[in-house]
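Protein sequence lines correspond, in order, to chains A and B. Under our numbering, the first residue of the first sequence carries the number 1400, and numbering increases by one thereafter. Under our numbering, the first residue of the second sequence carries the number 927, and numbering increases by one thereafter. Heads up, the beta-carbon is just placed ideally off N, CA and C, and yes, glycines get one too.
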Amino acid sequence: MELVIASSSIADAGIGCWDLQSGAEQLRYKSCASPSHGLACVGDRFLASSQLREPSSSSGSVLYWSWSKPQVEVKSFPAEHIKPIAANSEGTYIVGGGQSGDIYLWEVMSGRLLKKWHAHYRAVTCLVFSEDESLLISGSEDGCVRVWSLLMIFDDYESQQATHLYLHSFTEHTLRVTDVVTGCGGCNAIIVSASEDRTCKVWSLSTGRLLRSIVFPSVIDAVVLDPAEHVFYAGSRDGNIYVAALNAESSSSSSYGMHIISSLSHRRAVTCLAYSTEGDLLLSGSEDGMVRVWDPKTHNIVRMFKHAKGPVNNILVVRRPHYLSLGTFSNSNASSRRHGFLLPPPLDKYVNLTDEGLNNKTVIRLPTARNIPQDALYCSSRIIDEHIEDFQRQGSSAAAEMEVERLKHECGRSMQIVQQWKKMYDNLHEFCINELLDGDQVGCTK
Amino acid sequence: MSVLDNLKNMYDVKLKPRMLRTLIREQFPDENHPGRLPSELTKLISLLRTHKLLSESFDDSVDKKLAESWKSAVDEWVHAVLSLVSSNMSNKCWTGICLLGVTFQECAVHRFLASFSVWFNNIYSHIQPPAESQFVKVASLNTMSDLFSRLDGLPNAKRDGSSLASKLIQPLLKLINEDDSEAVWEGAVHLLCTILTYFPASIHRYHDNAEAAIVSKLISGSCSVNMMKKLAYCLALLPKSKGDDDSWCLMMQKILLLINVHLNDFFQGFEEETEGSEAVRALVPPGKDPPPPLGGHTLLGEALDKATKQLPISTISLLIISCCMMLTSPYPVQVTVPIVPLLALVHRVIMVDGSVPRASLPFMTGMQQEFVCSELPLLHLYSLELLTAIIEGTRSQLLPHAAYIVRLVKQYFKRCALPELRIKLYSLTKSMVVSMGVGMALYLGQEVVDNASVDLNPVGDDNGFTASIPNPKAASLAVMQSSHRKRKHSFTGSFEQQNDKIGFEVEALKNRQQSPIALKIAAVEAIEVLLTVGGGLRSESWRPAVDFLLISLATDCCKEGWDNEGKGTSSPSGPTVTLADLQLSALRALLASLLSPSRGRPPYLARAFELFRRVSAGKQQAGTKLAAFCAHALLTLEVLIHPRGLPMERFPASTYNSLDKVNNRFPENVYSGGQKHNTQGPPDSDDDDDLYHKWVGNDNIGEASALSPSKKTKDIPFETWTGNLSMAGSSGTKILEGSKEQLVMGMRSNEDEVVVESQQFQESIGQFQEHVTDDLEGPMLGTKRTVPDGGLDNKEHEVASTEDFLTDKQDGLTNVGGNVAGASSSDKGKSSVFDLDDDSSMDSFPDIVNGDPDSDVEELG
């Protein structure tokens, strides 16, 4: 059960939400004018989006929507314009990239700004977490792609020792980086970056080397990986989604040109891409405000969602949260509240160093489900076994006590039986004597 | 019984009521056998369970009469059990209660729902009176707990359950406070835990009383360790009764405060005076009132007066366990964890190692030091446990504190010499690396490797692998090691007891002092996790040493023969660690070292293969975990050797059906090809990189040859394939030149050979055989070709060229055509690629492929 979520750069379009399987539109969340890469689903609990702002305004803006309400619920105003945001899958952190090249990291539950560091010389354009979420990859307007170890960022001691904070810095792009994606494979994953210099570059996370550079006919604004990383899809401004090869072994770092296999014709410029792993579908957002769903095997469009008149610039594919049953988006308010999913406080503007009491603490979400196997719950048979063993070994005083009681009872019964026997004996005796006496009398009379 | 009443088989429903009646008639203790001990009770219960005699579940086909009869049989059963329960003989009563407990689990839902409150009252009457036998009490407490467990699964009994539970609380607390038997406490605490888990609201009113009761038992220190653990667990569950953030935090704060205050006394003279007050200040910020002491005011005062103002250390340990449980057990709402005080507590405890700072030396008696030293290991162990729980509980939110923990762990690694503590430490690093991923592996890698190499190297081992560890740090490690040993010696005396308790089996092989097997296993496992998570990133400094260490260890411990699992040196108490376990974990780590990404070919691939093969093929190993693992390892490594690029299924829109058809069209040729080239040797395998490429190529060729013909087979009859002749030979040259820029760099050297090859190809098959190895270069082009084919909308061109090409072969060399088919089918089952016979089909492959890049090049460039 996956939901497609799309947002656009014009405010009145809001955030559209559809069921990918049925195609039914769910709730539409209002007043969101997001920049590219500015929409995130935070831990299945709510949606967050950074907002495009007038250049004159001094602060940025990040808004939250809960699943059940179309209105904005929480508004935060970071210190500067934030464009790309990303959240880790657990929904504990939100990172935002600033206009100045700073990256901000907030703790979601408390809204605290935990860290802010100068990452790039120009504005940050995209942010993405690595597979295990211990690394953060950022792209910037200065053409640089950098890989950050979050552990290192938080380690004040080490970061003062080191000459630079980043793990890798890829500087081959000559123009603005438009999109960055990373694949699976832990520390051996690849990173694909797209840039306005009309190239997509494939990097190795483990070695930090450029593996492949692919020149496209036009600027690529969006990239998404095939789940098996056989190919990647690159959405271009000329209205094509190019399919570019990945899996061929690259044994040198020199660029060798064309790897483009084919293209999916889109007519209007492609602004964003997403991949649905459940249905194995490719989703593309376009300048004409449509979200197209493709079958990547046949290259056919299988579904279209109309989002807005303006360009769609973010698509997310998320699993439907379990507490949102089908078609009950508006009624789910109570149920989400019952699940303790009230929205967290707004994000702080500055790093707060003074409040020690707050810094000492962390809000965590303990597991709510109990998943104890049913058999482990019952204990009477265990107790029976224990007690029987106890009986057999005559171990404890309690067992002895019960045994004594039993023996007493048995003794009582035995006594009763003895009494009975005795009585019977007496009866018999009497009977015999009577018989004898009677016999004698009879004999005498004879 | 008439003949018609015979049972069909042992699954017949008719069996069940009959069997149940027989059981009631014959097995029940009644007036005839009044007091016989129910030793056959176990048998009775297992019969009930196996045949599900109480379940009353049948499908609709069962006729009504039978259902009725079963129902009445169960009625009889319940009646008989209840009459036992109400018996005034403790023996019978006990049996009855036990059987009632089994009935709770086994009976049908509707029956349970209908009568649970009656049953509750039946048992309830046995919990209250003071004069009951202990067995009866314990059995009724446990049976009651089963009743609530079953009740929880049923949706519409929540309210009833809650009200029943709240009736129980006071008698329970009374039992805990007043009864004098530990078994009864245990039962009562267990029941309390069950209620806290399923019906927490019913304890809400008694929260403080319950806390007082539990804490007073806990700090009295008069119970066994197991009992104390139960109490600690119950204390951890207690905040659930209120179910909000505040009560959780308050409980945590109270426990931490109690621990810290008592550590102040315990550690007096062993640490800086300020440590303790700082810890307390972190918990209670200045200007705020401290929380009421755990368990209420009066209670703590009394208890402390009794026990010379100090809690036993075991109690502190158990309070730490309580914290662990609070951090890891479920809770309905999100909670605020005092993370810094928790970490500070861990730090505080593990930094005390029993040494006395110079300043306080004059005030320290030898006895005091001895006492503290004897208790420290256990305290350290639980602190590490707490650290593990913190990591587990806070998961990703630990990030801001991760660096602190890393430094703590690194520091502790240097100081820690006891095997059981090091084992815990290794498992801690494991969970850190797993939960925090690559970033953590970067941080901890070197540390884990250094320590593990020390722990894994036997001292003075005669096989010499210790000496040859290619680690620049080896020297310094050796020094470290010897210091470890020294310290260990000095400690052993006081820790012997500890060792025994944890059940370490120190292997005294050949009288050399070795790390215990369990420690080795822990070290190997830590390395395995490290390799799995972060083996490929910035690991250059330690990777070669680790790879060597692991292959040496695996060969070494497998050399000593195969320990048959289960045989070993098992002792009756607890699980023991045997050589087989070490072998298994060594092989697991070896596999990780082979699979973990590295620059070149894993250096010990061949040796590892040999090892895995030997174990999985060994006869005496059949059925063991070891053999199963090695089979798995061989399967996993197969992918390393024959990498698969996984194309999307039916990538260029052709279906599997047509693919099959293609394969079926060449049957006669497959065999001729295969047989003719039987004599060819295996491909030259000197250059592994090349081989790798070839395999990659081969994969794709299989696909290429399968896919491209498949497009057209529907339309073009087989005859046409043989009809035309193309100039594959000449075009082949063109292709190669044209596609030069597109070739992978590493392939360049091969191009010429391929050109030559494809020219010669047409001349004779005889020559063909001599070029086996050269031909194999060809498949590389295949990779290029498949890929373009995948997406192009305009496919006619390629199709044509493939077609021409095939025809060419059909004309010139019949057997080659056959080989093509052979290969395309071989792609389906990897195993056939292994066959030498198939080499010939590989030979012929390149040619198909040679044709294709041509078309692509012409198209694109």
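Quiz item: Is leucine 1476 of chain B near leucine 1516 of chain B, with beta carbons less than 8 Å apart?
Solution: yes
Quiz item: Which residues, in chain order, does the region 1364-1383 of chain B contribute to contact with chain A at a C-beta distance below 8 Å?
Solution: Val1364, Gly1365, Met1366, Ala1367, Leu1368, Tyr1369
Quiz item: Do glycine 1319 of chain B and leucine 1765 of chain A have their C-beta atoms closer together than 8 Å?
Solution: yes
Quiz item: What does isoleucine 1181 of chain B touch in chain A if you count any residue whose Cβ is under 7 Å from its own?
Solution: The contacting residues do not exist; isoleucine 1181 of chain B stays about 16 Å from chain A at best.
Quiz item: So the beta strand (DSSP E) arginine 1718 of chain A belongs to, where does it begin and stop?
Solution: 1711-1718
Self-check item: Nearest residue (CA-CA) to valine 1364 of chain B, options A/Arg1444, A/Trp1464, A/Leu1566, A/Ser1661
Solution: A/Leu1566
Quiz item: What does a CB cutoff of less than 7 Å around tyrosine 1492 of chain A pick up in its chain, not counting 5 residues either side in sequence?
Solution: Ala1486, Leu1504, Trp1505, Glu1506, Val1507
Practice problem: Count the other C-beta atoms from every protein chain shown that fall within 10 angstroms of the C-beta of methionine 1362 of chain B, then say buried if there are 16 or more, exposed otherwise. | Solution: buried
Quiz prompt | Burial state of valine 1151 of chain B (16 or more Cβ within 10 Å) | solution = exposed
Quiz item: Can you name the residues of chain A whose CB is closer than 7 Å to the CB of aspartate 1072 of chain B?
Solution: Tyr1777, Cys1778, Ser1779
Quiz item: When we look at the beta-carbon of alanine 1643 of chain A and count the other beta-carbons within 10 Å, is it buried (16 or more) or exposed?
Solution: buried
Practice problem: Could you name the residues of chain A that histidine 1852 of chain B contacts, counting a contact when the two beta carbons are closer than 8 Å? | Solution: Nothing about residue 1852 of chain B can be read from this structure; chain B reaches only from 927 to 1787.
Quiz item: Considering only residues of the same chain and omitting the five flanking positions on each side of proline 1165 of chain B, which have a CB-CB separation below 7 Å?
Solution: Ser1173, Trp1174, Met1177
Practice problem: Just confirm the distance between the C-beta atoms of valine 1266 of chain B and alanine 1208 of chain B, as a whole number of angstroms; I'd bet it's less than 8 Å. | Solution: 6 Å
Quiz item: Hey, is isoleucine 1053 of chain B's beta-carbon within less than 8 Å of any beta-carbon in chain A?
Solution: no
Exercise. Under the assumption that alanine 1329 of chain B contacts leucine 1550 of chain A (Cβ atoms under 8 Å), give the Cβ distance between them as a whole number of angstroms.
Key: 6 Å
Practice problem: Just the chain B side, please: which residues come within less than 7 Å of glycine 1585 of chain A by C-beta, in chain order? | Solution: Val1364, Val1459
Quiz item: cysteine 1431 of chain A to glycine 1709 of chain A, Cα distance in whole Å?
Solution: 12 Å
Quiz item: Would the beta-carbon of leucine 1161 of chain B be found less than 7 Å away from any heavy atom of the ligand PLP?
Solution: The ligand PLP is not part of this structure, which contains no ligands at all.
Quiz prompt | Terminal residues of the alpha helix (DSSP H) in which arginine 1539 of chain B lies | solution = 1531-1543
Exercise. Could you spell out where the beta strand (DSSP E) holding glycine 1496 of chain A opens and where it closes?
Key: 1492-1497
Quiz item: Rounded to whole angstroms, how far is the Cβ of proline 1744 of chain A from the Cβ of serine 1465 of chain A, which I believe are closer than 8 Å?
Solution: No, proline 1744 of chain A and serine 1465 of chain A are not in contact; Cβ-Cβ is about 14 Å, not under 8 Å.
Quiz item: Quick one, which of B/Pro1211, B/Val1044, B/Leu980, B/Ser1016 has its alpha-carbon nearest phenylalanine 1061 of chain B's?
Solution: B/Ser1016
Self-check item: Proximity test, Cβ basis, 8 Å: asparagine 1487 of chain A and chain B
Solution: yes
Quiz item: Can you give the Cα-Cα distance for aspartate 1678 of chain B and threonine 1577 of chain A, rounded to whole angstroms?
Solution: Bear in mind that the predicted position of aspartate 1678 of chain B carries a pLDDT of just 42, short of 50, making it unreliable; the figure below should be weighed with that in mind. Their Cα atoms are separated by approximately 41 Å.
Quiz item: Going along chain A, which residues have a C-beta under 9 Å from glutamine 1337 of chain B?
Solution: Here the premise fails: no neighbours, minimum Cβ distance about 13 Å.
Quiz item: Which residues, in chain order, does the region 973-1001 of chain B contribute to contact with chain A at a C-beta distance below 9 Å?
Solution: Arg975
Quiz item: Is the beta carbon of proline 1133 of chain B sitting closer than 8 Å to the one on lysine 1084 of chain B?
Solution: Contrary to the premise, residue 1133 of chain B reads as histidine rather than proline in this sequence. It is not a contact, given that the beta carbons lie outside the stated cut-off.
Practice problem: Please list the partners that serine 1605 of chain A has in chain B, where partner means a Cβ-to-Cβ separation under 7 Å. | Solution: Gly1462, Leu1463, Pro1523
Quiz item: histidine 1706 of chain A by DSSP, collapsed to three states: which one?
Solution: coil
Practice problem: Note down, in chain order, each residue of its chain lying with its Cβ closer than 7 Å to the Cβ of threonine 1573 of chain A, except the 5 sequence neighbours on either side. | Solution: Gly1542, Asp1596
Quiz item: Between the region 1117-1128 of chain B and the region 1791-1805 of chain A, are three or more C-beta pairs nearer than 8 Å?
Solution: no
Exercise. Answer yes or no: do leucine 1512 of chain A and leucine 1742 of chain A have a C-beta to C-beta separation smaller than 8 Å?
Key: no
Quiz prompt | Contact set between the region 1248-1262 of chain B and chain A, restricted to residues whose Cβ is under 8 Å from the partner | solution = Leu1253, Thr1254, Ser1255, Pro1256, Tyr1257, Pro1258, Val1259, Gln1260, Val1261, Thr1262
Quiz item: Under a CB-based cut-off of 8 Å, is alanine 1797 of chain A close to chain B?
Solution: yes
Quiz item: Can you give, in chain order, each stretch of the beta strand (DSSP E) that sits fully within the region 1239-1303 of chain B and has at least 3 residues?
Solution: 1261-1263
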